[in-house]
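If you read the sequences in order, they're chains S and Z.
Using the working numbering, read the first sequence as starting at 12 and increasing by one per residue.
Using the working numbering, read the second sequence as starting at 455 and increasing by one per residue.
Before any comments, here is the structure.
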Amino acid sequence: MNDVAKIEAPLLSVDGLVRHFDVSAPFLNRLIERLDRAYVKAVDGISFDIGRGETFSLVGESGCGKSTVARLIVGLYQPTAGSIQYEGVEIGPREAAADRKRIQPHMQMIFQDPFASLNPRWRVADIIAEPINVRGLLKGRAEIMTRVGDLLSQVGLSPADRERFPHEFSGGQRQRISIARALAGEPEFLVCDEPTSALDVSVQAQILNLMKELQNRLGLTYLFISHDLAVVYHVSTRVGVMYLGRLVEWAETKTLFENPRHPYTRMLLDAIPDLEMSGRQRIPVAGEVPSPINPPSGCAFHPRCPHAEARCRTEMPLPRNYDGVHVACHAVADGRIG
Amino acid sequence: MWSIRDCALINPLGADMAEQTAESLPLTESPTRTQSTFYRIWDSDVCYSFRSSKVTIVAAVVTAVIFFLAIFAPWVAPHRPFDVATIDLMDAELPPSWEQEGDSRFLIGTDNLGRDLLSTILYGTRISLIVGFLSVIFGLVVGVTLGLMSGYMGGYVDAFIMRVAEIQLSIPGILVALLLAGTLRGVISAEAYNEAIIYVLVLTIGTSIWPQFARTVRGSTLVERNKEYVLAARVIGLSRFSIMLRHVLPNVMGPVLVIATINLAIAILTEATLSFLGVGVPPTQPSLGTLINEGQNYLFSGLWWITIFPGAVLAILVLAVNLLGDWLRDALNPKLR
Chain S
12 MNDVAKIEAP LLSVDGLVRH FDVSAPFLNR LIERLDRAYV KAVDGISFDI GRGETFSLVG
72 ESGCGKSTVA RLIVGLYQPT AGSIQYEGVE IGPREAAADR KRIQPHMQMI FQDPFASLNP
132 RWRVADIIAE PINVRGLLKG RAEIMTRVGD LLSQVGLSPA DRERFPHEFS GGQRQRISIA
192 RALAGEPEFL VCDEPTSALD VSVQAQILNL MKELQNRLGL TYLFISHDLA VVYHVSTRVG
252 VMYLGRLVEW AETKTLFENP RHPYTRMLLD AIPDLEMSGR QRIPVAGEVP SPINPPSGCA
312 FHPRCPHAEA RCRTEMPLPR NYDGVHVACH AVADGRIG
Chain Z
455 MWSIRDCALI NPLGADMAEQ TAESLPLTES PTRTQSTFYR IWDSDVCYSF RSSKVTIVAA
515 VVTAVIFFLA IFAPWVAPHR PFDVATIDLM DAELPPSWEQ EGDSRFLIGT DNLGRDLLST
575 ILYGTRISLI VGFLSVIFGL VVGVTLGLMS GYMGGYVDAF IMRVAEIQLS IPGILVALLL
635 AGTLRGVISA EAYNEAIIYV LVLTIGTSIW PQFARTVRGS TLVERNKEYV LAARVIGLSR
695 FSIMLRHVLP NVMGPVLVIA TINLAIAILT EATLSFLGVG VPPTQPSLGT LINEGQNYLF
755 SGLWWITIFP GAVLAILVLA VNLLGDWLRD ALNPKLR
């Protein structure tokens with residue numbers, strides 16, 4: 012049943028990735044109040060491949076575990092279970108720490124909040140030079156400063172900005188500095204955790220265009236995390252839709268946007284505002300994301316799904332491949348919708 | 455039905471126009487100018503709160519004068535109270551010069567050994583300040599190091615360090631100092647004890663104040679370590695030690711400065727208390743506390759000046775430093791303004 016088609020020689024391959032966070036009450040409270048241990052199932056079994064040079068996007072509502080996936084991949088969190096392979100080398104589990112250390116320089120991350128992601132006490136030159144120094148790519152202050160100047164020009168800032176502090180820049184400019192820092196380590200793979208969601212719409216466009224241009228020029232591969240479908244449509248090759256720690260649908264961007272199969276994907280696309288007043292029938296996004304501590308039984312989406320039936324409440328749907336579109340939904344499998 | 459054109463936000467992203475605005479942004483200010491601007495802004499902010507508080511100005515002037523006189527005591531003091539050759543027992547117990555029996559050579563009188571009280575106070579303040587500063591530096595280094603480790607590493611390291619700090623806080627510092635000094639006095643010779651006593655005081659006072667530094671730094675570190683710039687440094691592959699030292703430490707030092715100032719006053723006071731109780735610096739090289747202790751034996755014989763003057767200097771010094779600490783706390787924490 013679970014015939015997930017694999018990309019030929021993917022750059023990054025994630026299989027059955029799980030991350031639970033322990034949110035139990037302290038030991039004494041558990042003992043006296045007879046509470047059980049509690050876990051947030053932030054990521055609960057996710058598999059996908061990212062091919063070299065493509066942009067894979069993860070979308071979903073707040074709290075669905077997108078950022079956790081990003082942080083698992085760059086090694087900020089240890090996975091509870093599952094594997095992460097980079098060019099076929101396992102880097103997920105704690106035992107693979109040596110391989111992780113070797114692979115780590117190939118990856119960089121761009122963060123969401125440009126006001127928190129730059130150390131306020133460091134000059135821009137030192138911030139951008141950090142990956143160069145850590146990797147020992149260049150020796151000599153003068154050489155490093157020239158490289159920093161090049162990087163700043165690459166991201167549309169002036170080499171003279173080296174001597175300034177982060178607080179002297181606007182949000183968009185800071186995000187450019189973040190990108191310059193990420194590029195300084197000469198990575199192949201960039202994890203972008205909502206890089207534009209803290210920016211104005213016009214500045215978002217600049218940053219996205221910059222990222223696209225850099226991708227073309229340097230042959231970068233992106234994992235792009237966002238909740239903004241317009242942005243995702245603009246940048247990605249393929250898109251995965253997450254709901255409560257699981258991927259419910261993933262496909263080529265065009266296919267997914269033109270012909271969404273999963274009821275949740277349809278709901279998300281329906282929520283995009285529409286200037287043409289087409290009078291199109293919408294299914295409003297109803298309800299809240301359920302608690303990931305105690306997710307609904309069966310298909311986690313069933314309490315909000317207009318197509319749910321008895322089976323959805325008891326049995327967890329597994330992702331199935333429909334001509335390259337992967338969907339985890341009983342209704343789609345049964346041909347009731349889609 | 456699912457047309458992309460419906461997605462209104464996609465098209466207005468207008469790629470070309472956006473790029474143009476990026477180029478035209480004014481980003482080329484000279485670095486020297488921005489640097490001086492930065493310092494001017496920083497300066498004026500704290501300076502303003504300094505200038506607008508008369509109490510702070512007075513406290514700063516008083517502190518500066520006392521520090522200056524104490525540091526330059528060998529040049530400022532009219533007599534050399536530690537030089538036995540210059541002391542004459544015949545001069546002992548002279549009242550201040552404005553009293554009837556006063557001697558114009560000794561402005562505020564002499565102590566029971568015939569030392570000029572003003573000079574002795576200046577030298578004594580010097581010892582008090584040395585012990586105070588060294589104790590605070592010791593407590594600061596230990597506390598900041600442990601607090602940083604505790605906050606950044608978390609888990610068992612954190613639990614262990616914090617429990618030790620709590621135990622430390624539950625035992626009064628003076629008790630520890632009394633115990634340590636008392637034991638030491640029994641173990642080593644009197645001369646060695648007089649040599650070592652300053653270090654013992656620094657150690658005991660420093661030990662009693664490090665938990666404050668540790669707790670504050672731990673709290674700030676817990677906040678900083680989840681900020682994205684620390685995560686970015688981790689992704690870059692910087693070692694734990696470097697992240698703590700180069701990223702977190704500079705960002706948690708603000709409150710440390712305030713605690714250090716307030717603790718300087720407390721350390722000076724603790725040293726005086728210990729010396730008063732007789733386990734501090736010896737009467738041959740008295741600190742303010744020792745002088746007060748010496749003087750209180752003669753208080754009811756009418757020799758009030760031996761206790762009152764060192765006491766007043768101590769009180770004024772501690773008050774001034776405390777006021778400076780309060781001001782610093784308010785000035786560096788915009789939320790309290």
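Glycine is no exception: its CB is placed at the ideal position from the N, C-alpha and C atoms.
Computed from a prediction, not measured in an experiment: that's the story for all the values here.
To the nearest angstrom, how far is the alpha carbon of residue i from that of residue j?
{"i": "S:I138", "j": "Z:P626", "result": "45 Å"}
{"i": "S:A108", "j": "S:Q115", "result": "10 Å"}
{"i": "Z:G396", "j": "Z:V735", "result": "Since the first and last residues shown for chain Z are 455 and 791, residue 396 of chain Z lies out of range."}
{"i": "Z:L742", "j": "S:A140", "result": "52 Å"}
{"i": "S:Y333", "j": "S:N270", "result": "12 Å"}
{"i": "Z:A514", "j": "Z:V598", "result": "26 Å"}
{"i": "S:G93", "j": "Z:L778", "result": "57 Å"}
{"i": "Z:Y606", "j": "S:Y88", "result": "15 Å"}
{"i": "S:K77", "j": "Z:V706", "result": "30 Å"}
{"i": "Z:P413", "j": "Z:W758", "result": "The question about residue 413 of chain Z has no answer, for chain Z in this structure spans 455 to 791."}
{"i": "Z:F713", "j": "Z:I562", "result": "Reading off the sequence shown, one finds Ile at residue 713 of chain Z, where the question assumed Phe. Computed Cα separation, rounded: 35 Å."}
{"i": "S:P307", "j": "S:P314", "result": "8 Å"}
{"i": "Z:L711", "j": "S:P131", "result": "18 Å"}
{"i": "S:D161", "j": "S:E197", "result": "13 Å"}
Could you tell me whether the Cβ of residue i comes closer than 8 Å to any Cβ of chain S?
{"i": "Z:A476", "result": "Bear in mind that a pLDDT of 42 at Z:A476, under 50, signals an unreliable position, so the number given afterwards is only what the model happens to contain. So yes, Z:A476 belongs to the interface."}
{"i": "Z:I690", "result": "yes"}
{"i": "Z:L685", "result": "yes"}
{"i": "Z:E620", "result": "no"}
{"i": "Z:E649", "result": "no"}
{"i": "Z:L786", "result": "no"}
So which residues on chain S does residue i lean against when the C-beta distance must stay under 9 Å?
{"i": "Z:H701", "result": "N130, R132 and W133"}
Mind listing the chain Z neighbours of residue i? Cutoff is C-beta to C-beta under 7 Å, in chain order.
{"i": "S:P142", "result": "I690"}
{"i": "S:G196", "result": "I690"}
{"i": "S:M119", "result": "In the sequence on display, residue 119 of chain S carries Gln and not Met. Neighbours of S:Q119 on chain Z, chain order: V689."}
Cutting at 7 Å between CB atoms, please list the residues of its own chain near residue i, excluding the five before and the five after it.
{"i": "S:R249", "result": "E65, F67, W261, A262, E263 and T264"}
Strictly below 7 Å CB to CB, what residues from chain S border residue i?
{"i": "Z:P704", "result": "R132"}
Would residue i count as contacting chain Z if we go by Cβ distances under 8 Å?
{"i": "S:D211", "result": "no"}
{"i": "S:V145", "result": "yes"}
{"i": "S:P116", "result": "yes"}
{"i": "S:V85", "result": "yes"}
Suppose the cutoff is 8 Å on Cβ atoms and the five residues either side in sequence are ignored; what does the same chain contact list for residue i look like?
{"i": "S:I218", "result": "G183, Q186, R187, I190, P206, T207 and L210"}
{"i": "Z:I642", "result": "A650"}
{"i": "S:R175", "result": "R134 and V135"}
{"i": "S:R75", "result": "With the sequence shown as reference, residue 75 of chain S is identified as Cys, and Arg is not the correct amino acid for it. Closer than 8 Å at Cβ, skipping near neighbours: M253, Y254, L255, G256 and V300."}
{"i": "Z:V684", "result": "E678, I697, H701 and V702"}
{"i": "S:L28", "result": "V54, G56, I57, S58, V80, L83, P90, A92, G93, S94, I95 and G103"}
Does DSSP classify residue i as helix, strand or coil?
{"i": "S:E269", "result": "helix"}
{"i": "S:V214", "result": "helix"}
{"i": "S:T157", "result": "helix"}
{"i": "S:V343", "result": "helix"}
{"i": "Z:Y752", "result": "coil"}
{"i": "S:G91", "result": "It is Thr, not Gly, that sits at residue 91 of chain S in the sequence shown. Three-state DSSP puts S:T91 in coil, outside helix and strand."}
{"i": "S:N332", "result": "strand"}
{"i": "S:E174", "result": "helix"}
{"i": "Z:G732", "result": "coil"}
{"i": "Z:R639", "result": "helix"}
{"i": "S:H245", "result": "helix"}
{"i": "S:H313", "result": "helix"}
{"i": "S:V300", "result": "coil"}
Name, please, each residue of chain S whose Cβ falls closer than 8 Å to the Cβ of residue i.
{"i": "Z:K508", "result": "Going along chain S, no residue has its Cβ under 8 Å from Z:K508, so there is no contact; the nearest lies around 32 Å."}
{"i": "Z:E682", "result": "F122, Q123, D124, A127 and S128"}
Identify, in the order they occur along the chain, each residue of the same chain with its Cβ nearer than 6 Å to the Cβ of residue i, setting aside the five sequence neighbours on each side.
{"i": "Z:I746", "result": "F730, T761, P764 and G765"}
{"i": "S:R48", "result": "S35"}
{"i": "Z:S558", "result": "S551"}
{"i": "S:P274", "result": "C316 and H318"}
{"i": "Z:G749", "result": "I760 and T761"}
Within 8 Å (strictly less), CB to CB, does residue i reach chain C?
{"i": "S:G56", "result": "Chain labels in this structure do not include chain C; the protein chains are S and Z."}
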